[in-house]
Structure formats: structure tokens, C-alpha cells
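Taking the numbering used here, the leading residue of the sequence shown gets 3, the next gets one more, and so forth.
The next block holds one structure in the form of C-alpha cells; read it before the comments.
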Amino acid sequence: MEQDPAGDKSAPTAITRAIQALLDRRGIPERKRLGALEAAVGIAYQQVRRRMMGETPWSVDEIKRLAAHFGEPVFRLLGALVDETPGEPAVLQVAGAKLACSVWPGPEAAQCIGPYVAIPGEEPNGWTVVPASEAAGRRVFEVRRLILEAEPPRRVAVVDDDDDLGRAIVQFLRQKGLDALSYTSAEHLRTALETTNFDGYILDWVLGEEKATALLPLIRAKNPAGPVIILTGQIEAGDAEESDLASALTTFRAQLYEKPSRALSLFNALELGFEASPRAR
Numbered sequence: 003m004e005q006d007p008a009g010d011k012s013a014p015t016a017i018t019r020a021i022q023a024l025l026d027r028r029g030i031p032e033r034k035r036l037g038a039l040e041a042a043v044g045i046a047y048q049q050v051r052r053r054m055m056g057e058t059p060w061s062v063d064e065i066k067r068l069a070a071h072f073g074e075p076v077f078r079l080l081g082a083l084v085d086e087t088p089g090e091p092a093v094l095q096v097a098g099a100k101l102a103c104s105v106w107p108g109p110e111a112a113q114c115i116g117p118y119v120a121i122p123g124e125e126p127n128g129w130t131v132v133p134a135s136e137a138a139g140r141r142v143f144e145v146r147r148l149i150l151e152a153e154p155p156r157r158v159a160v161v162d163d164d165d166d167l168g169r170a171i172v173q174f175l176r177q178k179g180l181d182a183l184s185y186t187s188a189e190h191l192r193t194a195l196e197t198t199n200f201d202g203y204i205l206d207w208v209l210g211e212e213k214a215t216a217l218l219p220l221i222r223a224k225n226p227a228g229p230v231i232i233l234t235g236q237i238e239a240g241d242a243e244e245s246d247l248a249s250a251l252t253t254f255r256a257q258l259y260e261k262p263s264r265a266l267s268l269f270n271a272l273e274l275g276f277e278a279s280p281r282a283r
């Protein structure tokens with residue numbers, strides 16, 4: 003949230019505590035936290051450090067991106083700012099649909115009270131919320147509050163040592179509603195993958211002294227089915243062997259696009275791939 007630097011100094015500290023609590027919930031070790039936030043928000047490491055020290059404020063957009071990156075509702079992330087106990091993760095089951103939500107369970111109820119009740123233990127990561135009429139014979143708790151939030155956008159890593167090109171692709175994908183992040187080296191992506199899951203990837207074939215093929219086993223270990231797009235403009239120049247490309251495309255189920263490629267074509271390829279793959283968590 004934007005704060006007046008000359009005003010109340012406690013707000014940045016409260017935001018820092020809320021973010022630290024989120025990282026605690028995610029089990030991210032202390033030494034990796036600034037790198038994880040850098041990958042989540044898409045700002046420089048030193049900027050993340052200054053924000054976590056309370057030297058500069060977090061913007062509203064950064065907080066939203068951080069919450070979306072970790073798949074948490076904004077109100078859960080910032081609950082500490084209003085001295086609110088955060089809700090518990092839950093799944094609302096109604097009319098055949100399953101919707102992610104947060105629930106504030108009340109006391110255990112001997113009989114169903116209210117239109118919905120919360121049931122513990124039926125979901126691996128939280129509560130199940132169902133209409134009271136469907137809860138017969140089950141152990142139920144009152145629902146004090148229930149909040150639904152739209153599912154976060156799909157997250158895409160764009161890796162290209164041409165920073166201008168990478169950022170242009172990222173900007174277009176963000177305009178199309180994707181959570182796209184730009185990296186300029188294979189090592190930057192390796193670091194991000196330690197704490198971040200991606201739904202899809204766009205990789206330049208030649209990344210400095212490395213080739214994208216060095217990243218593909220790690221990517222497929224994290225996401226076996228998500229779309230992976232390889233970009234190259236090096237075939238005619240002789241810097242990309244067609245046999246190497248063909249082997250990588252077949253082994254790791256990737257797609258090849260030659261530069262310059264229309265950003266809309268890359269977006270459409272990602273969207274088709276998302277239809278056949280689960281969301282990264």
C-alpha cells in the first residue's frame with residue numbers, strides 16, 4: 003500500500019510482518035526470501051530489500067501481484083494490518099462446482115446453523131464448505147464469514163538475454179491477463195524455480211553461454227505438462243543445430259517459434275497448452 007514517507011512509519015512494518023507471515027506459511031527459508039519476493043513481484047532485489055526494511059513503501063499493485071503469485075487472497079495477506087485473524091483455506095462445494103475460498107469457522111454445531119457449514123478434514127489443505135442441507139451426518143462447524151476471490155492468473159516465465167525483447171513479451175502477456183515475469187539468464191530462472199511454480203515458459207534457445215536445453219529437465223520436473231515455447235533466430239546463422247532442437251522438442255514436449263514471433267501467436271500457444279495442464283501450485 004502506498005504510504006506517505008513523512009507520515010505513520012508503522013504501516014510498512016505491519017506490511018512486512020504480514021509478508022513474513024505469508025512466507026512462513028509457505029515454508030520459504032530466510033535466506034531465500036528476498037529472492038522469492040523478487041520473483042513474485044517482478045522488481046529488483048535491492049528494491050525488495052528496501053521495502054522489507056521499511057525504507058520504501060509497497061504499492062497496491064505489488065501487494066496484489068504478491069498475493070496472486072502465492073495464490074492467497076489479498077485480505078488474507080493483509081489481515082495483520084487490521085488486527086484480523088486470517089481466514090482458513092477452504093473449498094466451497096455448491097451446485098457441482100468447487101470454488102477456492104477463505105472461511106472463518108465458528109464453534110462446532112450440534113445441528114446446522116445458517117445456509118452453509120464448514121467441515122474439517124475432507125480437503126487436504128483446509129476446510130470444506132457446503133450448504134447446510136447437504137451436511138447430514140457429518141461433523142460441522144458454524145461459518146462466521148466466507149469470502150470468495152477470483153482464481154489468480156496463470157504464471158509464465160519469459161527467459162531471454164535480450165532484456166528489451168523479454169520485457170516486451172511480458173508486457174503483452176500481462177495485458178492479456180497472464181502473470182508474466184521476465185528473466186535474462188538461465189541462472190536467474192534456476193533461482194526463481196527454487197521458490198516459484200510456473201504454468202508456462204517462453205525460453206530463448208541461446209542464453210549467453212548456455213542453451214535452453216540445460217533448463218528443460220528442471221522445468222519438466224517442476225511442471226510435467228505445462229506449455230514450453232522455445233524461441234530461436236539462430237538456425238540460419240548456424241548457432242542452433244536443427245538436430246539439437248528437434249531432440250529437445252521431442253524429449254521435453256516443447257514448441258518452436260522462430261524470431262521474430264508475434265506476441266499474439268505466443269499467447270495463443272500458451273492458452274492452448276493451459277487447457278491441457280493443471281494450474282501450478
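For glycine and all other residues, C-beta sits at the position ideal for the given N, C-alpha and C.
If you draw a straight line from the alpha carbon of residue i to that of residue j, how long is it in whole angstroms?
| i | j | result |
| --- | --- | --- |
| aspartate 166 | aspartate 181 | 18 Å |
| alanine 278 | alanine 227 | 8 Å |
| glutamine 22 | glutamine 95 | 31 Å |
| alanine 159 | leucine 220 | 13 Å |
| alanine 38 | alanine 111 | 41 Å |
| glycine 275 | aspartate 246 | 23 Å |
| arginine 141 | isoleucine 171 | 50 Å |
| glycine 128 | threonine 252 | 39 Å |
| tryptophan 60 | cysteine 103 | 25 Å |
| leucine 205 | leucine 266 | 16 Å |
| phenylalanine 174 | isoleucine 231 | 16 Å |
| serine 187 | isoleucine 17 | 31 Å |
| valine 43 | isoleucine 121 | 34 Å |
| arginine 281 | leucine 195 | 15 Å |
Would residue i and residue j be called neighbours here (beta carbons separated by less than 7 Å)?
| i | j | result |
| --- | --- | --- |
| leucine 79 | alanine 69 | yes |
| threonine 197 | isoleucine 65 | no |
| leucine 150 | valine 105 | no |
| leucine 233 | lysine 213 | no |
Is residue i helix, strand or coil by DSSP?
| i | result |
| --- | --- |
| lysine 178 | coil |
| glycine 235 | coil |
| isoleucine 45 | coil |
| isoleucine 149 | strand |
| proline 91 | strand |
| glutamate 293 | In the structure displayed, the chain extends from 3 to 283; residue 293 sits before or after that span and is not available. |
| lysine 100 | strand |
Any heavy atom of the ligand GTP closer than 6 Å to the CB of residue i?
| i | result |
| --- | --- |
| leucine 218 | Questions concerning the ligand GTP fall outside what the structure shown contains, since it holds no ligand whatsoever. |
My understanding is that residue i touches residue j, with C-beta atoms under 8 Å, so please give their C-beta distance in whole angstroms.
| i | j | result |
| --- | --- | --- |
| leucine 218 | phenylalanine 254 | 4 Å |
| arginine 156 | glycine 202 | 7 Å |
| glutamate 90 | proline 117 | At roughly 19 Å, the Cβ-Cβ gap does not stay under 8 Å, so glutamate 90 and proline 117 are not in contact. |
Practice task
Would you list, in sequence order, the uninterrupted beta strand (DSSP E) runs of no fewer than 3 residues that lie entirely inside the segment 151-232?
Solution key: 157-161, 181-185, 202-206
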